[in-house]
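Novice:
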Amino acid sequence: MMMTKITNRKTATRWQKKYDVQAPKVGDIAPDFSLLDANGQNPVRLSDFRHKKPVALIFGSFT
Amino acid sequence: MRGTVSLTDIYAKYHEQVQFLPIYIREAHPVDGWWFGGNLFTKKLMKTLAPKVAMDVHDPQTIEQRRQVAGTCETSLSYGVGTYVDEMDDAVNKSYAAWPTRLYLIDTDGVVVYAAGLGPYDFHPGKLEKAIENHL
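See below:
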């Protein structure tokens, strides 16, 4: 899969502006998703926690 | 990591009441992208502001590579909580405009109650903690 290359501040800002307009804001329903852990196991779905616990989403990488 | 409050501290304090989901997304500053390691100034800056970040990681090209880097990152940062990995289509990253880093708090109805601004400038764990305190 070809990812949009982010090689400098300009391309980074372009990427952020493109997707930030559709990102959820306070009061919006959070987009549901399902992901696997770093071992490719233990699927988790955001909506699994509905009516159970609030969820803190922490996005990041190693660099 | 900005401010005096770390995510590790927040997790330790609230993990019984809040579900923490760290999500590994595409690399911010890989060697083959917007690399900070090739410039002495940015290299020193990163080491000062975020000493645990890696400077020698290439952008994973497969989901297996991505999981491997995510696992190394999880071990290195020692948040004490399992990391989930975005797929290679960056679908979750895109839907939350999460790159390079971002914080959200979702309530039990699935509604966003805290949405940090774009990272890294609005990455403030202390604000997430305040949001948790206000929400609980």
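Protein chains in written order, with this note's numbering: chain L, 10 to 72; chain Z, -14 to 121.
Idealized CB from N, CA, C, for every residue including glycine.
Would you say aspartate 107 of chain Z reaches chain L, if we count a Cβ-Cβ gap shorter than 8 Å as a contact?
Specialist: Looking up residue 107 of chain Z in the second sequence gives position 122. No, aspartate 107 of chain Z does not count as interfacial toward chain L.
Novice: Quick check on the DSSP output: what are the complete alpha helix (DSSP H) runs of length 4 or more inside the stretch 15 to 96 of chain Z, in order along the chain?
Specialist: Entirely contained in the stretch 15 to 96 of chain Z, the alpha helix (DSSP H) runs reaching 4 residues are, in chain order, 25 to 34, 48 to 62 and 76 to 81.
Novice: Hey, arginine 23 of chain L and glycine 95 of chain Z: beta-carbon distance below 8 Å or not?
Specialist: For the purposes of this step, residue 23 of chain L is identified with residue 14 of the first sequence, where counting begins at 1. For the purposes of this step, residue 95 of chain Z is identified with residue 110 of the second sequence, where counting begins at 1. No, the Cβ-Cβ distance between arginine 23 of chain L and glycine 95 of chain Z is not below 8 Å.
Novice: Specify whether the stretch 47 to 63 of chain L and the stretch 61 to 80 of chain Z touch according to this definition: at least 3 beta carbon pairs, one from each stretch, less than 8 Å apart.
Specialist: Judged by Cβ distances under 8 Å, the stretch 47 to 63 of chain L makes contact with the stretch 61 to 80 of chain Z, as three or more pairs qualify.
Novice: Looking at the structure shown, is valine -4 of chain Z part of a helix, part of a strand, or coil, going by DSSP?
Specialist: Reading the second sequence from its first residue, position 11 is the one you call residue -4 of chain Z. Checking the displayed sequence, the identity of residue -4 of chain Z turns out to be tyrosine instead of valine. Tyrosine -4 of chain Z: helix per DSSP, three-state reduction.
Novice: Quick check on the burial criterion: 16 or more other C-beta atoms within 10 angstroms. Buried or exposed for aspartate 71 of chain Z?
Specialist: The residue given as residue 71 of chain Z occupies position 86 in the second sequence. When all chains shown are included, aspartate 71 of chain Z counts as buried.
Novice: Got a sec? Which residues, its chain only, sit under 6 Å from valine 16 of chain Z by beta carbon, not counting five neighbours each side?
Specialist: Position 31 of the second sequence, counting from 1, holds the residue named residue 16 of chain Z. Correct list, in chain order: His43.
Novice: Which of helix, strand or coil does DSSP assign to arginine -13 of chain Z?
Specialist: For this step, residue -13 of chain Z is matched to residue 2 along the second sequence. Residue placement at arginine -13 of chain Z cannot be trusted, given a pLDDT of 45 that sits under 50; what the coordinates show is reported in the next sentence. Correct three-state label for arginine -13 of chain Z: coil.
Novice: Taking only beta-carbon positions, decide if arginine 59 of chain L is within less than 8 Å of chain Z.
Specialist: Indexing the first sequence from 1 puts residue 59 of chain L at position 50. By this cut-off, arginine 59 of chain L is an interface position.
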